[in-house]
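Here the structure is laid out as structure tokens; the discussion comes afterwards.
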Amino acid sequence: MEPHVAGWQLDIFGSASPILISPPKPDPLPDPDLWEPHVRERLAEAVVFFALDSRHSDNVPEALIDCAEMLHHRLCNRPVDKADYYATLGWIMELWTGAIPYQVVCALGRVRPRAMQDAIRDVPLLNYDFNRLKRWCSGQLSLEAQWEA
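In my numbering, each residue's number is its place in the sequence shown (first place is 1) plus 1372.
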């Protein structure tokens, strides 16, 4: 894993110093298809734990708190990552399930699933974003092209 000399740089005094390129680091985790079954089970347990855990001791799953914070940032016109925002919006509105379906997270956290969905439908900005996402998912335009807009 020695650095590779890509070229030489001359300074104003005529001395040369190497321009080094470090080799890429290997991926620390192998392909998930190569994992042992017990490793996959532990990872699945960790995903469920992180989705349902609450840092605030209020029994509301952390995944739902993160979703609410993202919607709040959007409503306050704070910058949000568009890919994360639309992925979250689609997960809440059940356009896709993600690692753990929205209904399951709500059921295990004893939260009424329709609460956040109704809020999205009732707030004009969020409803506009949701309708835009539905149009993208129906094949009118690609998501990448729309995100640039």
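Note that CB positions come from ideal geometry on N, CA and C, so glycine has one too.
Simplified DSSP assignment, three categories, for G1379: strand
At least three beta-carbon pairs within less than 8 Å, the stretch 1490-1509 to the stretch 1472-1482: no
Own chain residues within Cβ distance below 6 Å of D1425, not counting five before or after: E1434
Beta-carbon proximity of C1439 to I1464, cut-off 8 Å: In this structure, I1464 lies closer than 8 Å to C1439 by Cβ.
Environment of C1509 [buried if 16+ CB atoms lie within 10 Å]: exposed
Proximity to R1497 [Cα-Cα], best of E1466, H1445 and L1382: First, the amino acid is wrong: residue 1497 is Leu here, not Arg. Here the closest residue by C-alpha is H1445.
Residues of its chain near V1419, where Cβ-Cβ distance is below 8 Å and the 5 sequence neighbours each way are ignored: A1471 and I1472
Distance between A1416 and N1503 (C-alpha atoms, nearest Å): Per the coordinates, the alpha-carbon of N1503 lies some 32 Å from the alpha-carbon of A1416.
For P1400, the three-state DSSP class (helix, strand or coil): coil
Cutoff 7 Å; reference S1394; Cβ partners in own chain excluding five residues on either side: P1375
Which listed residue (R1450, L1505 and P1451) has its alpha carbon closest to that of W1468: L1505
Buried or exposed by the 16-neighbour rule on C-beta atoms within 10 Å, applied to Y1458: By the beta-carbon neighbour count (other beta carbons within 10 angstroms, threshold 16), Y1458 is buried.
Status (buried if at least 16 other CB within 10 Å, exposed otherwise) for G1379: exposed
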